[in-house]
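Working notes, beginning with the structure itself.
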Amino acid sequence: MASLPPAGAGLGPDEPLTKLSDPLKVWSASVLIDDKPVEVYKVVHEGKQSTCYIEAVEGKEFKVEIKKGTFTATDYAAYLQLDGTEAGAFSIERSNTRPAAFTGKRVSATSIRPYSFAKIALTDDADIATKDEAVIKNLGTISIEIYRTSILGISAGNREYKDNAKQHVVDERSKKAKMSHSTSYGEAKYQPESGARDRIAWIDPWKSPCHTLAFRYRSRTLLELEDIVKPIVHATPPPNLLEPASSPAAGPSSRKRKTDVITISDDEDDDAVERGKQNKGGVKTEKKPKVRDEPLRMAVKKENGQTVIDLLD
1 MASLPPAGAG
11 LGPDEPLTKL
21 SDPLKVWSAS
31 VLIDDKPVEV
41 YKVVHEGKQS
51 TCYIEAVEGK
61 EFKVEIKKGT
71 FTATDYAAYL
81 QLDGTEAGAF
91 SIERSNTRPA
101 AFTGKRVSAT
111 SIRPYSFAKI
121 ALTDDADIAT
131 KDEAVIKNLG
141 TISIEIYRTS
151 ILGISAGNRE
161 YKDNAKQHVV
171 DERSKKAKMS
181 HSTSYGEAKY
191 QPESGARDRI
201 AWIDPWKSPC
211 HTLAFRYRSR
221 TLLELEDIVK
231 PIVHATPPPN
241 LLEPASSPAA
251 GPSSRKRKTD
261 VITISDDEDD
271 DAVERGKQNK
281 GGVKTEKKPK
291 VRDEPLRMAV
301 KKENGQTVID
311 LLD
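Set out below in structure tokens:
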């Protein structure tokens, strides 16, 4: 069998991968936030499952879109699972190549509750925490299970609706407590059903899909910590080394280098030398008459780390 190209092959350097596909490219799916497909990372194909990672954005509603890229020999049913809980389903005819969008969990014939990302809900009460093994195992995953079917016709039965959509509460002592987010549901909004339901015969047994597309969602921080995405580096302009630092309020006069003027008297030094000679040898010398010169005036300043003395007139 010929090897398959890597995920994202054929995309330009500025084209992020936004679809998760099966190895044969029959099925593809995307998660959309604000009606824009999010980027997918670290695509892996293993057996009958294709997985990837996406960034969860807290408080944002999302949709899931699936598309069959070609005519197929059988019909299909696609079931959406959020954190291990069924959240929607589509029946797809073998000749249908139009995308189908999961926009929310249907709670009545005229309304849905949109899917959203929420901060994970934790509890220290074991009685409140979810005990559903499917939820505990699949928390942090949006998956689409794809089954081969045969459409027999239109279903004549009445459909029952349950408004039981809720965010799962996790025991803070479990391993899943390390997750940052879980899926949740927004307030009900008007969206009537379109079309009748199909009556189908199953080819693949329930819970044995022919393929599964799974999006593992994490916060940006967790994606970076797990080396799934590279940290975002914010570039900062280098400081201008040629421009001296100064206070914005400083005027032109304050930018001038201050000069300290000191006065040194020659006769003070002469007197000190004379006293030293007399104390050392007891030699009496004739004291010279003092000639008092004008004080020597100079300016001492710092330039380039060195002391510079300027004699003043």
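According to full-length UniProt numbering, the sequence shown is numbered sequentially starting from 1.
Note that CB positions come from ideal geometry on N, CA and C, so glycine has one too.
Classify residue i as helix, strand or coil using the three-state DSSP reduction.
| i | result |
| --- | --- |
| Val291 | Residue placement at Val291 is flagged as unreliable, the pLDDT there being 44, under the threshold of 50; a coordinate-derived value is accordingly withheld. |
| Lys42 | strand |
| Leu17 | coil |
| Glu61 | strand |
| Glu187 | coil |
| Thr212 | strand |
| Thr130 | coil |
| Ile136 | helix |
| Leu32 | strand |
| Arg220 | helix |
| Ala156 | coil |
| Lys162 | coil |
| Leu24 | coil |
| Ala177 | helix |
Residue i: buried (16+ other C-beta within 10 angstroms of its C-beta) or exposed?
| i | result |
| --- | --- |
| Ser50 | buried |
| Asp161 | Reading off the sequence shown, one finds Tyr at residue 161, where the question assumed Asp. Result: exposed. |
| Gly140 | buried |
| Asp83 | buried |
| Phe71 | exposed |
| Val44 | exposed |
| Ile120 | buried |
| Ile92 | buried |
| Ser184 | buried |
| Leu24 | exposed |
| Asn158 | exposed |
| Asp163 | exposed |
| Lys137 | exposed |
| Lys178 | exposed |
| Lys36 | exposed |
| Lys207 | exposed |
| Lys189 | exposed |
Just checking my contact of residue i with residue j at CB under 8 Å: how many whole Å lie between their CB atoms?
| i | j | result |
| --- | --- | --- |
| Ala118 | Ser182 | 6 Å |
| Thr85 | Val135 | 6 Å |
| Ser143 | Thr212 | 6 Å |
| Ile200 | Thr149 | 4 Å |
| Arg98 | Ala73 | About 18 Å separates the two Cβ atoms, so there is no contact after all. |
| Val169 | Thr110 | 29 Å between Cβ atoms; not a contact. |
| Ala89 | Gln81 | In fact, because the Cβ distance is near 10 Å, the residues do not count as touching under 8 Å. |
| Asp198 | Ile151 | 5 Å |
Does the beta-carbon distance from residue i to residue j come in below 9 Å?
| i | j | result |
| --- | --- | --- |
| Asp132 | Arg173 | no |
| Gln191 | Ile112 | yes |
| Ala29 | Tyr217 | no |
| Ile146 | Trp27 | yes |
| Leu20 | Ala214 | yes |
| Ala165 | Lys105 | yes |
| Ile33 | Tyr41 | no |
| Tyr115 | Lys176 | no |
| Gly186 | Glu15 | no |
| Arg220 | Val229 | yes |
| Asp171 | Ala101 | no |
| Ser180 | Leu122 | no |
| Pro205 | Lys48 | no |
Check: For the stretch 70 to 102, which segments carrying the beta strand (DSSP E) assignment without a break, of at least 3 residues, lie completely within its bounds, in sequence order?
Finding: 75 to 82, 85 to 92, 100 to 102
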